[in-house]
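Spelled out as structure tokens, the structure:
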């Protein structure tokens, strides 16, 4: 009941809002000058946001932190937050740094300024990205990567066992265990690291009680807990089903429900849970993740069987069809999710989300090309040679089963031999064995079959001899061809045949095809890992549609859309640092310029001179001198005119002593 409530909360918790919260407005407004000290600071966002213990930091003109009240949602509105200020702030310019958690579970942060009485000559300046801890962010991304890989291995291997039905499932237990433990371990790791990730602090705070309490009450935390409960249920199910020869219908249904539940723990706490068309987006996200896991998780299962066990052609044909269906689902859901995340064609190349999506599409195209190469290898190896009997020719016609698009890796040809017998029943069995070797599927002779016809077929195949069929029904490490007429003795079901089937080693051409197939599938597995990594990065990147909505919200609220550029420099002899340049609004026309110089320790440093110039090489414009002046701790200019949009080259010349200086250039995008 508790798990059901959690999943319902995850499914219904998303409202019609933009993925990633954007600041809609502030009170006092950014850059404004008020006559008296405000009693509180209020921020309004484009969607519901969650608060942290340290969501607001207010710095006075001397860069000292102002003591504030506890932040909370204003007037019960989830998209508006406020924090009380002291009665008397004093005069000058104050800086407000904020950090909240958007509805899609990703933390967002920013800063703005306001002045009391009049602007001060100096103001507190926060370095770009000061609220993010790179170590924590890196570890959190690694944990999400492992979670995706673990889910693909667990769901993909389980689907391979249940739907492709390999006779020997023992080699796949390592994949099931590895995927399950990877998913469980990464989930626990992400749960403890969630607090520092949201707060932007170091990983040492992952066991902080207040952070854990906040995680327990958040939707991402509930999703991670639900994932652990579902994994425990999946472990019990796999343990019970491992004692059976074939999965039961109840087991298959339960496994499908658990797989959907696991996919919901991602969809309910990521981009799909916020934005437009939330129910459709979450359904698409669940189907996309499951199709990805079945296809990309099934590839390692197939590769492992190619190395360690026999692979009957019926198994690989089933996986071929399953992979084709998975690709179709991925295409349909991927097109919808791309449209939902981008919003426009220009976002495909103008946003980080769009460029990452293009990289993922390129990787998927390479994966499909590798699958096509595998199918070509298989078709060369499974061609049926001209036979001397009508029965073998008929079997050859039946073996030409078209493979669906997106299918990968069908076993290459391995000859199998069927012993003949003088009796009619043995002759019928021999014919069925030959037919299975040509078509990759077992056939059972019908009761009452004509003994004369069966004997004639056996005689045509060669009495007392063997009928070898290229492209046989199984692929094994030693080139053997186990029959498919009954359960595998290794599984403990059925009984071993009375007489063992003759075996022969692979022919040189067959062995070459087999090795080529294994290399192709191994390459597909490597590319699929790249696809999973790109998927993880995409889930943490601001979608193009949300970026456009955020920019529109800022413009509607009158907030300046500033361009911030960091220029590192190194003048030698330990004189290094960086210059943070802010262009306001970073558009065509007049811009205000502010530049702050930081030393190697991140603190402010004073330098004798800082020059800034802008050049547009494509239009042969410039250099335009920004004419910076020292404003007492920072450099500024109020009248820089950039007349044409495009990618300008911004050159910063930093004079660190009376005789030493260094120049560095960075591109900056100026828009209309």
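Residue numbers (my numbering): 41 to 712.
Even glycine gets a Cβ: it sits at the ideal position worked out from N, Cα and C.
Residue 362 versus residue 574 - alpha carbon distance | Residue 362 sits at position 322 when you count from the first residue of the chain shown. Residue 574 sits at position 534 when you count from the first residue of the chain shown. Taking the straight line from one Cα to the other gives about 23 Å.
Note down the Cα distance separating residue 204 from residue 213, rounded to an integer number of angstroms.
-> If you number the chain shown from 1, residue 204 lands on position 164. If you number the chain shown from 1, residue 213 lands on position 173. When the Cα atoms are used, residue 204 and residue 213 turn out to be separated by approximately 15 Å.
Return the chain-ordered list of same chain residues with a C-beta closer than 7 Å to the C-beta of residue 256, the five sequence neighbours on each side being excluded.
-> Here the question's residue 256 lines up with position 216 in the chain shown. Cβ contact annotation for residue 256 (same chain, cutoff 7 Å, sequence separation greater than five): none.
Three-way DSSP call (helix, strand, coil) for residue 629 in this model = Position 589 of the chain shown holds residue 629. In the structure shown, residue 629 adopts extended strand secondary structure according to DSSP, grouped into three states.
Residue 73, buried or exposed, once every other Cβ within 10 Å from all chains shown has been counted against 16 | Reading the chain shown from its first residue, position 33 is the one you call residue 73. Residue 73 counts as exposed, since fewer than 16 other beta carbons sit within 10 angstroms of its beta carbon.
Do residue 394 and residue 387 have their C-beta atoms within less than 9 Å of each other?
-> In the chain shown, residue 394 corresponds to position 354, counting from 1. In the chain shown, residue 387 corresponds to position 347, counting from 1. Remark: C-beta atoms of residue 394 and residue 387 approach each other more closely than 9 Å.
Under a CB-based cut-off of 9 Å, is residue 688 close to chain B?
-> Of the protein chains in this structure there is only one, and it is not chain B.
Given residue 309, which residues of its chain have a CB within under 6 Å of its CB, disregarding the five upstream and five downstream residues?
-> If you number the chain shown from 1, residue 309 lands on position 269. 145, 259, 260 and 263.
Within 10 angstroms of the Cβ of residue 356, are there 16 or more other Cβ atoms? Answer buried if so, exposed if not.
-> Looking up residue 356 in the chain shown gives position 316. When all chains shown are included, residue 356 counts as buried.
Just how far apart, CA to CA, sit residue 295 and residue 566?
-> One-based indexing of the chain shown puts residue 295 at position 255. One-based indexing of the chain shown puts residue 566 at position 526. Each residue's Cα considered, the two are about 27 Å apart.
Give the C-beta separation of residue 230 and residue 183 to the nearest angstrom, bearing in mind that I take them to be a contact with Cβ-Cβ under 8 Å.
-> By one-based count along the chain shown, residue 230 stands at place 190. By one-based count along the chain shown, residue 183 stands at place 143. With a Cβ gap of about 5 Å, residue 230 and residue 183 count as contacting.
Unbroken alpha helix (DSSP H) run spanning residue 353, endpoints = Here residue 353 corresponds to residue number 313 of the chain shown, with the count starting at 1. Taken as a continuous stretch (DSSP letters only), the alpha helix (DSSP H) holding residue 353 covers 353-382.
Apart from the five residues just before and just after residue 707, which ones in its own chain have a Cβ nearer than 8 Å to its Cβ?
-> Here residue 707 refers to the residue found at position 667 of the chain shown. Counting only Cβ-Cβ distances below 8 Å, and skipping sequence neighbours, we find 687, 688, 689 and 690.
Please state whether DSSP places residue 684 in a helix, a strand or coil.
-> For the purposes of this step, residue 684 is identified with residue 644 of the chain shown, where counting begins at 1. Three-state DSSP puts residue 684 in coil, outside helix and strand.
Proximity to residue 655 [Cα-Cα], best of 608, 606 and 710 | To locate residue 655, count along the chain shown from 1; it is residue 615. Residue 710 is the option with its Cα nearest to residue 655.
Out of curiosity, what's the CA-to-CA distance linking residue 157 and residue 78?
-> Stepping through the chain shown from its first residue, residue 157 is reached at position 117. Stepping through the chain shown from its first residue, residue 78 is reached at position 38. Distance between the alpha carbons of residue 157 and residue 78 is about 11 Å.
Per-residue DSSP class, three states only, for residue 182 = For the purposes of this step, residue 182 is taken as the residue at position 142 of the chain shown. It is helical.
Flag this pair as touching only if the segment 237-245 and the segment 268-284 have three or more C-beta atom pairs under 8 Å; answer yes or no.
-> Too few Cβ pairs lie closer than 8 Å, so no.
Give a yes or no on contact between the segment 693-706 and the segment 664-672, applying the rule of three or more CB pairs nearer than 8 Å.
-> Output reads no: the segment 664-672 does not touch the segment 693-706.
So what's residue 709 in DSSP terms, helix, strand or just coil?
-> Position 669 of the chain shown holds residue 709. Correct three-state label for residue 709: strand.
Opening and closing residue of the alpha helix (DSSP H) in which residue 390 lies = The residue labelled residue 390 in the question sits at position 350 within the chain shown. Following the DSSP letters along the chain, one finds residue 390 inside the alpha helix (DSSP H) bounded by residues 387-390.
Note down, in chain order, each residue of its chain lying with its Cβ closer than 6 Å to the Cβ of residue 128, except the 5 sequence neighbours on either side.
-> Position 88 of the chain shown holds residue 128. Around residue 128: 77.
Quick one: grab the DSSP three-state call for residue 250.
-> By one-based count along the chain shown, residue 250 stands at place 210. Helix at residue 250.
Cβ atoms of residue 140 and residue 125: under 9 Å apart, would you say?
-> Numbered from 1 along the chain shown, position 85 holds the residue referred to as residue 125. Numbered from 1 along the chain shown, position 100 holds the residue referred to as residue 140. The beta carbons of residue 125 and residue 140 sit no closer together than 9 Å.
For residue 465, which residues of its own chain have a beta-carbon under 7 Å away from its beta-carbon, when the five flanking residues on both sides are left out?
-> In the chain shown, the residue the question calls residue 465 occupies position 425. Note that residue 465 has pLDDT 33, beneath the 50 cutoff, so the model's placement of it is unreliable and no number is given.
CA-CA distance, residue 305 and residue 346?
-> Indexing the chain shown from 1 puts residue 305 at position 265. Indexing the chain shown from 1 puts residue 346 at position 306. As the crow flies, the alpha-carbon of residue 305 is around 33 Å from that of residue 346.
Ends of the beta strand (DSSP E) at residue 620?
-> Translated into positions along the chain shown, residue 620 becomes position 580. Secondary structure note for residue 620: its beta strand (DSSP E) is the uninterrupted segment 616-624.
Using CA coordinates, which residue listed in 336, 605, 375 and 282 is at the minimum distance from residue 324?
-> The residue labelled residue 324 in the question sits at position 284 within the chain shown. Of the candidates 336, 605, 375 and 282, the one whose C-alpha sits nearest the C-alpha of residue 324 is 375.
Return the CA-CA distance between residue 698 and residue 650, expressed in angstroms with no decimal places.
-> The sequence position of residue 698 within the chain shown is 658, counting from 1. The sequence position of residue 650 within the chain shown is 610, counting from 1. Residue 698 and residue 650: Cα-Cα distance of roughly 12 Å.
Return helix, strand or coil for residue 674, following the three-state DSSP convention.
-> Numbered from its first residue, the chain shown carries residue 674 at position 634. Shown here, residue 674 sits in coil according to DSSP, grouped into three states, outside any helix or strand.
Does the separation of the CB atoms of residue 84 and residue 97 fall below 9 Å?
-> As a first step, residue 84 is located in the chain shown; it is residue number 44 there, counting from the start. As a first step, residue 97 is located in the chain shown; it is residue number 57 there, counting from the start. No.
CA-CA distance, residue 138 and residue 176?
-> Locating residue 138 in the chain shown gives position 98, where the first residue counts as 1. Locating residue 176 in the chain shown gives position 136, where the first residue counts as 1. The alpha-carbon atoms of residue 138 and residue 176 are separated by roughly 19 Å.
Close beta carbons around residue 202, own chain, < 7 Å, minus the five adjacent residues each side | Against the chain shown, residue 202 aligns to sequence position 162. Exclusion of the five residues before and after residue 202 leaves 287, 292 and 295 as the residues of its chain whose Cβ lies within less than 7 Å of its Cβ.
Could you pull out every residue in the same chain whose Cβ sits closer than 6 Å to the Cβ of residue 118, ignoring the five residues on either side in sequence?
-> Reading the chain shown from its first residue, position 78 is the one you call residue 118. The answer, listed in chain order, is 88.
What first and last residue would you give for the beta strand (DSSP E) that runs through residue 149?
-> For the purposes of this step, residue 149 is identified with residue 109 of the chain shown, where counting begins at 1. Unbroken beta strand (DSSP E) run through residue 149: 147-156.
Have a look at the DSSP bridge pairing and note the partners of residue 634.
-> By one-based count along the chain shown, residue 634 stands at place 594. The secondary-structure analysis by DSSP pairs residue 634 across a beta bridge with 622 and 676.
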